[in-house]
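**Student:** This is the structure I want to talk about, given as structure tokens.
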Amino acid sequence: DSGVTQTPKHLITATGQRVTLRCSPRSGDLSVYWYQQSLDQGLQFLIQYYNGEERAKGNILERFSAQQFPDLHSELNLSSLELGDSALYFCASSVVAGWGDTQYFGPGTRLTVL
Amino acid sequence: GQQLNQSPQSMFIQEGEDVSMNCTSSSIFNTWLWYKQDPGEGPVLLIALYKAGELTSNGRLTAQFGITRKDSFLNISASIPSDVGIYFCAGDSTDKLIFGTGTRLQVFP
Numbered sequence: 059d060s061g062v063t064q065t066p067k068h069l070i071t072a073t074g075q076r077v078t079l080r081c082s083p084r085s086g087d088l089s090v091y092w093y094q095q096s097l098d099q100g101l102q103f104l105i106q107y108y109n110g111e112e113r114a115k116g117n118i119l120e121r122f123s124a125q126q127f128p129d130l131h132s133e134l135n136l137s138s139l140e141l142g143d144s145a146l147y148f149c150a151s152s153v154v155a156g157w158g159d160t161q162y163f164g165p166g167t168r169l170t171v172l
Numbered sequence: 007g008q009q010l011n012q013s014p015q016s017m018f019i020q021e022g023e024d025v026s027m028n029c030t031s032s033s034i035f036n037t038w039l040w041y042k043q044d045p046g047e048g049p050v051l052l053i054a055l056y057k058a059g060e061l062t063s064n065g066r067l068t069a070q071f072g073i074t075r076k077d078s079f080l081n082i083s084a085s086i087p088s089d090v091g092i093y094f095c096a097g098d099s100t101d102k103l104i105f106g107t108g109t110r111l112q113v114f115p
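Here's what the structure looks like:
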């Protein structure tokens, strides 16, 4: 158990819908990262927040958005869902913001878009 | 999305053998990272490399940051069954982390 929690574990929805994925980082970790893992695109970094502020942006689509709240939990919002958005979405957290700082990954949310 | 070239794609080896995998990029990276992912779990960081030429070990694992800053390799010595999983390299390029395509390792007793 990494100490990072993600809810829900599984999510099945239809095209065009909007969903929110939630992540609670490890106690004391200020940085939260979101990743997408799919069969065709592999593991992709989406976005990073540090202490409530956006820190780095990867391959995040405009239909996706994220935020980190004052209590440091984070939410990833996916809207106008398409079939290709079906993937495993991981959240990770670390104490500080550097890439070399050990990131602890959550168990992931498996999103299926039908 | 962009992915790094990682090879081999998969490996089937016998317990006790040494393993070597590598990643190459057309871009220069500031940091190279190596992760392992077990089925149904998130990736776990194995080794982080911060400067060109750096050679770092973590138990039976050894990784090197290439001199050109465009490649890295990971070696696993004396493999054991629990080494089974998918290994990913990742490079840090201007505030974005880019992952390799993964190497799937199978270890047979």
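First to last, the protein sequences are chains A and B.
Going by the numbering used here, the letters in the first sequence line up with residues 59 to 172, in that order.
Going by the numbering used here, the letters in the second sequence line up with residues 7 to 115, in that order.
Think of the CB as a built atom: it goes at the ideal place given N, C-alpha and C, for glycine as much as any other residue.
Fair warning: this is a prediction, and the values are worked out from it, not measured in the lab.
1. Where in the stretch 129-161 of chain A do unbroken runs of the alpha helix (DSSP H), each at least 4 residues long, occur, reported from the N-terminal end onward?
2. Specify whether the stretch 143-163 of chain A and the stretch 86-101 of chain A touch according to this definition: at least 3 beta carbon pairs, one from each stretch, less than 8 Å apart.
3. Label S33 of chain B either buried or exposed according to how many other C-beta atoms from any shown protein chain fall within 10 Å of its C-beta, with 16 as the threshold for buried.
4. Report all residues from its chain with a CB closer than 7 Å to the CB of P87 of chain B; omit the five preceding and five following residues, and keep chain order.
5. Distance cutoff 7 Å, beta carbons only. Does W92 of chain A sit that close to anything in chain B?
6. Does the separation of the CB atoms of R110 of chain B and A84 of chain B fall below 7 Å?
7. Hey, would you say the C-beta of P165 of chain A is under 6 Å away from at least one heavy atom of the ligand NAP?
8. So, is the C-beta of Q12 of chain B closer than 7 Å to a C-beta in chain A?
9. Which same chain residues, not among the five before or five after I19 of chain B, have their C-beta less than 8 Å away from its C-beta?
10. Can you tell which of A:S151, A:F163 and A:D59 has its C-alpha closest to the C-alpha of N109 of chain A?
11. Could you tell me if L79 of chain A is buried or exposed, where buried requires 16 or more neighbouring beta carbons within 10 angstroms of its beta carbon?
12. Compute the distance between the beta-carbons of P49 of chain B and Y56 of chain B, then report whether it is under 7 Å.
13. Under a three-way DSSP split, which group does R77 of chain B fall into?
14. For G59 of chain B, which option in B:E47, B:L51, B:N36 and B:D44 has the closest C-alpha, if you only look at C-alpha atoms?
15. Could you round the C-beta distance between L141 of chain A and F122 of chain A to whole angstroms and report it? I think they count as a contact, below 8 Å.
16. Using a Cβ distance threshold of 8 Å, determine whether the stretch 65-78 of chain A contacts the stretch 156-172 of chain A, with at least three qualifying pairs required.
17. Is it buried or exposed for D59 of chain A, if we count other Cβ within 10 angstroms and need 16 for buried?
18. At a Cβ threshold of 7 Å, is G61 of chain A touching chain B?
19. Excluding five sequence neighbours on each side, which residues of the same chain lie with their C-beta closer than 6 Å to the C-beta of N135 of chain A?
20. Which stretch, first to last residue, makes up the beta strand (DSSP E) that contains L61 of chain B?
**Tutor:** Inspection of the coordinates gives the following:
1. none
2. yes
3. exposed
4. E21, V113 and P115
5. no
6. no
7. Questions concerning the ligand NAP fall outside what the structure shown contains, since it holds no ligand whatsoever.
8. no
9. V25, S85, L111, Q112, V113 and F114
10. A:S151
11. buried
12. no
13. It is Asp, not Arg, that sits at residue 77 of chain B in the sequence shown. Residue state, collapsed to three classes: strand.
14. B:N36
15. With 8 Å as the limit, L141 of chain A and F122 of chain A do not qualify as a contact, their Cβ atoms being about 15 Å apart.
16. yes
17. exposed
18. no
19. T78 and S123
20. L61 to N64
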